[in-house]
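J.: Dumping the structure here so I can ask a few things about it.
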Amino acid sequence: MQTQSRLLRLKELENAELRLGKLINRLLGTDRKFSYCRLSVFLAGSGGSLILYLVGSAFPAALTFILGLGMLLYLSHRHSKVLRKLKLCRIVLWVAQSNTARLKLKWEDIKSFSQADFKADFLENDLNLLGEESLHRLLDTAVSKEGSSILRLWLNEPEVSIEKIQARQELVKELMPQVRFREKLIVSALYSGKPNEAAKLLSWMENGGVRNEKKLRDIILFLSFLAPINILFIVLNIFNVVPSYFWVISSLVYLSVYYMNQKNVEDLPDEADTLKKEFGRLSGIFGTIEKNSFSKSPGLKELCEPFFRKGEGPSIQMRRINRFATLQTFKTNPVIWFLLAMLMPLDYISAYELIRLKKRISGLLPEWLNVWHKLEALSSLANFAYLNPEYSFPHFIAGEESKDYYFRCEKMGHPLIPVDKKVKNDFLVGPENRISLITGSNMSGKSTFLRTIAINAALALAGAPVDAGHMEMRLVRLFTCIKVSDSVTDGISYFYAEVKRLKRLLVLLENKSSIPVMFFIDEIFKGTNNVERLIGSRSFIKALVGKNGFGLVSTHDLELTKIAEEIPSAGNFHFREQVLGNIMKFDYMLRVGPCPTTNALKIMEIEGLPVDKNY
673 MQTQSRLLRL KELENAELRL GKLINRLLGT DRKFSYCRLS VFLAGSGGSL
723 ILYLVGSAFP AALTFILGLG MLLYLSHRHS KVLRKLKLCR IVLWVAQSNT
773 ARLKLKWEDI KSFSQADFKA DFLENDLNLL GEESLHRLLD TAVSKEGSSI
823 LRLWLNEPEV SIEKIQARQE LVKELMPQVR FREKLIVSAL YSGKPNEAAK
873 LLSWMENGGV RNEKKLRDII LFLSFLAPIN ILFIVLNIFN VVPSYFWVIS
923 SLVYLSVYYM NQKNVEDLPD EADTLKKEFG RLSGIFGTIE KNSFSKSPGL
973 KELCEPFFRK GEGPSIQMRR INRFATLQTF KTNPVIWFLL AMLMPLDYIS
1023 AYELIRLKKR ISGLLPEWLN VWHKLEALSS LANFAYLNPE YSFPHFIAGE
1073 ESKDYYFRCE KMGHPLIPVD KKVKNDFLVG PENRISLITG SNMSGKSTFL
1123 RTIAINAALA LAGAPVDAGH MEMRLVRLFT CIKVSDSVTD GISYFYAEVK
1173 RLKRLLVLLE NKSSIPVMFF IDEIFKGTNN VERLIGSRSF IKALVGKNGF
1223 GLVSTHDLEL TKIAEEIPSA GNFHFREQVL GNIMKFDYML RVGPCPTTNA
1273 LKIMEIEGLP VDKNY
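Its first residue numbered 673, the sequence shown is counted upward by one per residue in this note's numbering.
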């Protein structure tokens, strides 16, 4: 049953989609009107001026053409505003629809803004942390691949200290109510286009268009010394103080040096345009961050400190770039540029300033990008928390607090299971069940329960809220052995792949000085026969005792549950079913003790397979 607050979130999103849809339809109507008006003005202005010219009215024809052109430019300006707003509204609608799909778990409608493509490792594969219908896709609202990668790293390789996780939790809590800011961060990145090319921009600024800075400085000093001498000789020649060949010779020397070194400055306009265009793509994103004061969010304000340094903000650098690019536009008029160049070595001063500008920005850009990428990952977690207000932030236990229990949850569900199909359970791992044996019939919920605990633990370690009413846990490293697969190319059987995975677990558990391991083993040794499976499982579980970790092991072997009588730190839990006629019902509720029932033969019988009841 969905909570009232969750339904309210869904209603908000659906209302927003409805409003945006209506606004987009109005803008489309306005777009069509402007298109017709522009066409009409063009035809009337050009046609009218042509007719007037042909009948011999040259001045009225010119006036009509100028008025028509002016009107066309005005309409084009107004039309471009409508088109920009239309593009913006479509992006906002796209974001809202994606969030609605996240709430409904409609995977085909969840947009992947970053288009990041990762290859899952065994933990991500076992827990559906990565992939088409995965936790990462459900959470990920990053537009940059770097932001998406950071989110993936947090889910797969958590922080090594409780303090760092708690600090991230606080940042997520600060971001959670800032819905407009999070939306603007996504929209500004999508609107700018190609934000994933920021790394290319940084590389270009650090390596591309390299110039000899010392040589440029020497040329500037020489030409700056010679330019006023030229002017002085010209003035003195005008007053007949010196003959004309003085300024002619000095000017020839000036121009010779100026144009012999043109290879150092010939690509200035292109570089200025590249810098303006590529940095301009990021300026909208950076501006969104820079304009947010974070006055009530001390953690976020500290994180975004590089954006608020006096005299070094992105907006200041963008103004410098614009001034530089504007100066280069004068080069389109050779006469004006030549006159300016005679007064001062403008090309070389511009090239020198470009070097300094690129150095300044390349020193600041990595920090800005790092903050933006972290904000994207944090916004993904904050959006997840906002969309699921019934979820809670976990509490991490340590020291004396962790002696009585290592993991405890109340009303825990799986975030990738639809709300109307989700069953929530309570669970506690303490000294008496460091190794929890989970038994149950086929389809009763054993594997799902293991994944439920593990995926929520991954969320907790990432600093995100969890699908539980309450949750407490130790700082752990997660290890899973759930979706083991064989390899035809490597000649590895399923059983051998499982053995290798479990060996890896034992190695991790041996290190008592590191963070404890929380392990999840599903259907232990199911790749071999019954006799050897039971012997191997008993031996392996005994080997887990006293090691640096705790966890859950599911099995079909009811005989294995007897090991709890030999090992004080092993506990039994189970899932069961009810058979009513030919209908099998599961409640997916966890119960204490070994499973008292089996259902394999009953399933075979229900599906029409032959079953020898006398066997």
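Where a beta carbon is used, it is the ideal one built from N, C-alpha and C, also for glycine.
Going along the chain, which residues of its own chain have a beta-carbon closer than 7 Å to the beta-carbon of Val-713, five neighbours each way excluded?
T.: Gly-740, Met-743, Leu-744, Leu-747
J.: Within its chain, find whatever has a CB closer than 8 Å to the CB of Asn-771; leave out the 5 residues flanking it on each side and keep chain order.
T.: Answer for Asn-771: Leu-685, Asn-1055, Leu-1059, listed in chain order.
J.: Suppose you measure from the CA of Asp-1076 to the CA of His-1067; what does that come to, to the nearest Å?
T.: 15 Å
J.: Answer yes if the segment 1104-1120 comes into contact with the segment 1216-1228, meaning at least three C-beta pairs across the two stretches below 8 Å, and no otherwise.
T.: Between the segment 1216-1228 and the segment 1104-1120, the count of Cβ pairs shorter than 8 Å is three or higher; the stretches touch.
J.: Taking one C-beta from the segment 814-833 and one from the segment 1164-1178 each time, how about it: are there three or more such pairs within less than 8 Å?
T.: No contact exists between the segment 814-833 and the segment 1164-1178.
J.: Please classify Ser-896: is it buried, with 16 or more other beta-carbons within 10 angstroms of its beta-carbon, or exposed?
T.: exposed
J.: Drop a sphere of 10 angstroms on the beta-carbon of His-1320, count the other beta-carbons inside from all chains shown, and report buried for 16 or more, exposed for fewer.
T.: Nothing can be reported for residue 1320, as the shown portion of the chain is limited to 673 through 1287.
J.: Which one of Met-1190, Leu-1131, Ser-784 has the shortest CA to CA distance from Ala-1057?
T.: Leu-1131
J.: Using three-state DSSP, classify Ser-677 as helix, strand or coil.
T.: helix
J.: Count the other C-beta atoms from every protein chain shown that fall within 10 angstroms of the C-beta of Asp-1139, then say buried if there are 16 or more, exposed otherwise.
T.: buried
J.: Among Glu-1249, Glu-885, Leu-1232, which residue has its Cα nearest to the Cα of Pro-1266?
T.: Leu-1232
J.: Does the pairing of the segment 1036-1054 with the segment 835-852 give three or more beta-carbon distances under 8 Å?
T.: yes
J.: When burial is assigned at 16 or more other CB atoms within 10 Å of the CB, is Glu-805 buried or exposed?
T.: The C-beta of Glu-805 has fewer than 16 other C-beta atoms within 10 Å across all chains shown, which makes the residue exposed.
J.: If you measure between the beta carbons of Gly-971 and Phe-979, is that distance less than 9 Å?
T.: Judged by beta-carbon spacing, Phe-979 lies beyond the 9 Å limit of Gly-971, meaning their Cβ atoms are not closer than that value.
J.: Less than 9 Å between the beta carbons of Arg-1146 and Pro-1188, yes or no?
T.: For Arg-1146 and Pro-1188, yes; Cβs fall inside 9 Å.
J.: Can you give me the C-alpha to C-alpha distance between Gly-881 and Asn-902, rounded to a whole angstrom?
T.: Because the pLDDT of Gly-881 is 49, which lies under 50, any placement of that residue in the model is unreliable, and the question is left without a value.
J.: Which residue comes first and which comes last in the beta strand (DSSP E) that contains Asn-1097?
T.: Annotation for Asn-1097: the continuous beta strand (DSSP E) segment containing it runs 1097-1101.
J.: Using C-beta distances below 8 Å, list every residue in its chain close to Ile-834, excluding the 5 sequence neighbours before and after it, in chain order.
T.: Same-chain partners within the cutoff: Phe-1068, Ala-1070, Leu-1147.
J.: Kindly indicate which three-state DSSP category Ile-1255 falls into: helix, strand or coil?
T.: Reduced to three states, the DSSP call for Ile-1255 is strand.
J.: Between the segment 1010-1026 and the segment 1034-1043, can you find at least three pairs of beta-carbon atoms closer than 8 Å?
T.: Proximity of the segment 1034-1043 to the segment 1010-1026 falls short of the contact definition, fewer than three beta-carbon pairs being nearer than 8 Å.
J.: Starting from the Cα of Glu-1237, find the closest Cα among Arg-1210, Leu-765, Arg-1263 and give me that residue.
T.: Arg-1210
J.: Which residue marks the beginning of the beta strand (DSSP E) containing Lys-1083, and which one marks its end?
T.: 1079-1084
J.: Alpha carbons only, please: which of Thr-1227, Glu-1195, Ser-1241, His-1228 is nearest the one belonging to Ala-1215?
T.: Ser-1241
J.: Ile-1154 by DSSP, collapsed to three states: which one?
T.: coil
J.: For the beta strand (DSSP E) that Met-990 lies in, which residues bound it at each end?
T.: For Met-990, there is no enclosing beta strand (DSSP E); the residue is found in the alpha helix (DSSP H) stretching over 986-1001.
J.: Look at the alpha carbon of Phe-966 and the alpha carbon of Leu-827, and state the distance between them as a whole number of angstroms.
T.: 26 Å
J.: Specify, as a first and last residue, the run of the alpha helix (DSSP H) that His-808 falls within.
T.: 807-811
J.: Which whole-angstrom value is the C-beta distance of Ile-1154 and Asp-793, which I expect to be below 8 Å?
T.: The pair is not a contact, with the Cβ atoms about 13 Å apart (cut-off 8 Å).
J.: Helix, strand or coil: how does DSSP classify Gly-881 here?
T.: The pLDDT assigned to Gly-881 is 49, lower than 50, so where the model puts this residue is not dependable, and the model offers no usable value.
J.: Let me make sure I understand the geometry here. Which of Arg-691, Trp-876, Glu-943, Ser-987 has the alpha-carbon closest to that of Thr-1001?
T.: Glu-943
J.: So, does the CB of Leu-1133 fall closer than 9 Å to a CB anywhere in chain C?
T.: Judged by its chain identifiers, the structure shown contains no chain C, having just a single protein chain.
J.: At the level of alpha carbons, what is the spacing between Glu-977 and Trp-1040?
T.: 9 Å
J.: Are the segment 762-776 and the segment 1119-1136 touching, with three or more C-beta to C-beta distances below 8 Å?
T.: no
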